[in-house]
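This report concerns only the one structure given below.
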Amino acid sequence: MYSSWCWCCVVQQLMRVYVVFVSLVLLRVEASGVFCLTLVLLRSAADVCLCGMGVVAIGVLAYVDQSEIKVLLQHTDIDDDGVVNEVTQSEIAVYCIIAGGALLSLIALAGCMGAVAENRSLLIFVRPYYFVALLITFLIEAAAGILAFFFYDQASTFVGKYVGSAVMNLYGKDGKEEVTKAIDQLQQNFGCCGFLSPSDWNNHTMSSQPLSCCKVQNSTTCNQRPSLLYTEGCFSKLVAWFQDKIIYVAAFGIGVGAVQIFGIAAAICLCKAADEEEEFYA
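Positions in the sequence shown are counted from 1; adding 252 to them yields our numbering.
Following this line, the structure appears as C-alpha cells:
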C-alpha cells in the first residue's frame with residue numbers, strides 16, 4: 253500500500269511538471285499571457301491543494317492508528333533510572349504533519365479561487381506565499397528523505413531500545429495490558445517469539461513462552477511443546493520491516509523533493525511573468 257501510494261505521488265508530480273512547462277511555453281508565444289497564467293496557477297495550485305489534503309489524511313490515519321507497533325513506541329522509553337515514560341515525539345510529528353498539510357491546502361485553495369475568479373488582487377496576494385509553500389514543501393520532503401537514509405542504519409538500535417525493553421520490562425505487568433496485547437499481536441503477525449529468540453522468555457517472570465508464540469492459534473498447551481513454537485526472534489523481522497518502510501519514505505522524499513525544484517522554478521517564472529503584465533497594464 254505504501255509503495256503504491258509513493259509511486260502515484262511521484263507520477264503525479266511529473267505530470268504537474270509537464271503541464272507547468274508546456275503552459276510556460278504557451279505563455280511565451282501568446283500575445284496575452286493572462287489565460288496561460290491562469291491555467292498554470294490553477295493546475296499547479298489544485299495539485300498542491302490535493303497533496304496537502306493527502307498529507308492531512310495520512311497524518312489523521314497515523315494518529316488514529318492503533319497498531320501494535322505504535323502502541324510499543326508510545327509506551328517504551330526508559331530513562332536512566334529505569335522508569336518507563338510515554339513517548340510523545342511521534343505524536344508531535346503527527347501534529348506537525350497535519351498542521352503543515354492543512355496550511356499548504358489553504359494557501360493552494362486561495363490560489364485556485366483567485367485563478368478561477370481571475371481576481372488579480374488575490375493572485376498578487378497568494379503568489380509569494382505560494383512560492384514559500386512550495387519551498388517549504390521541498391525542504392520538508394528532501395529532509396525527510398535524507399533523514400530516512402540516516403535512520404536506515406539505526407533501525408536495529410531503534411528496535412533494540414524500544415521493542416526489546418517492552419518485551420523484558422512491560423509484558424504481563426499490571427496496568428500494561430495494552431502493551432501485553434500489542435506484543436502478542438506482534439508475535440502472531442510477524443511469526444516470531446521473544447526478542448532475539450524464544451529463550452528470552454526464560455529470563456522473564458513468566459514460567460514459559462506466551463501463547464502468542466504458538467504457530468497454532470487458540471491452543472492452550474503448545475507453549476509446552478517446542479516444535480509448535482515460532483523459533484525466530486522478532487528482532488530481525490522488525491528491523492527488516494522498518495528498513496523496508498524507510499526505503500519507501502526516503503525514495504518518496506528525495507524523488508518528489510527533486511521534482512519540486514521544477515515547481516519552484518516554474519513559480520519564479522510565473523511571478524516574473526505576472527510582474528511584467530502588471531507593468532504593461534499600469
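By construction, the Cβ of each residue, glycine as well, lies at the ideal position given by its N, Cα and C atoms.
Residues of its chain near C444, where Cβ-Cβ distance is below 7 Å and the 5 sequence neighbours each way are ignored: The answer, listed in chain order, is Y482, E484, G485, C486 and K489.
Chain-order list of residues whose beta-carbon lies under 8 Å from that of Y404 (same chain, five-residue window excluded): Cβ neighbours of Y404 beyond the five flanking positions: Q495, I498, I499 and A502.
Backbone CA spacing between P450 and E430 [nearest angstrom]: Taking the straight line joining both Cα atoms gives about 21 Å.
Rounded separation between A354 and F390 - CA only: Pairing A354 with F390, the inter-Cα distance amounts to about 16 Å.
Outcome for Q406 when other beta-carbon atoms lying within 10 angstroms are tallied against a minimum of 16: Under this definition Q406 is an exposed residue.
Of the residues V308, I359, V384 and I398, the one placed nearest Y347, counting alpha carbons only: Taking only the C-alpha atoms, the option nearest Y347 is V308.
Beta-bridge pairing of L538 - partner residues as DSSP gives them: What is shown of the chain runs 253 to 534, which leaves residue 538 out entirely.
K428 in three-state terms, based on DSSP: K428: coil per DSSP, three-state reduction.
Nonlocal neighbours in the same chain, by C-beta distance under 7 Å from C465, ignoring five residues either side: The residues are Q439, C445, P450, N475, L481 and Y482.
Beta-carbon separation (whole angstroms), K413 vs L422, contact threshold 8 Å: About 13 Å; that fails the 8 Å criterion.
Separation of N441 from L313, as counted between CA atoms: Taking the straight line from one Cα to the other gives about 20 Å.
For S357, the three-state DSSP class (helix, strand or coil): Looking at S357 - three-state DSSP - the assignment turns out to be helix.
Nearest-angstrom Cα separation, counted from L361 out to A394: So the alpha carbons of these two residues sit roughly 24 Å apart.
V223 vs V411 beta-carbon contact at 8 Å: Outside the shown range of the chain (253 to 534) lies residue 223, about which nothing can therefore be said.
F402 burial status per 10 Å Cβ neighbour count (16 or more: buried): That one is exposed.
Span separating the alpha-carbon of F273 from that of I359: Summary for F273: the model assigns pLDDT 48, below 50, so the residue's position carries little reliability; its value from the coordinates is reported in the next sentence. Roughly 22 Å separates the two Cα atoms.
Presumed contact (8 Å Cβ cut-off) between D426 and P462, rounded CB distance: Not a contact, Cβ separation roughly 16 Å.
Selection from R477, V384 and W453 that minimises the alpha carbon distance to G424: Ranking the options by Cα distance to G424, first place goes to W453.
Residue burial classification, A351 (beta-carbon count within 10 angstroms, cutoff 16): Looking at its Cβ environment, which holds fewer than 16 other Cβ atoms inside 10 Å, A351 is exposed.
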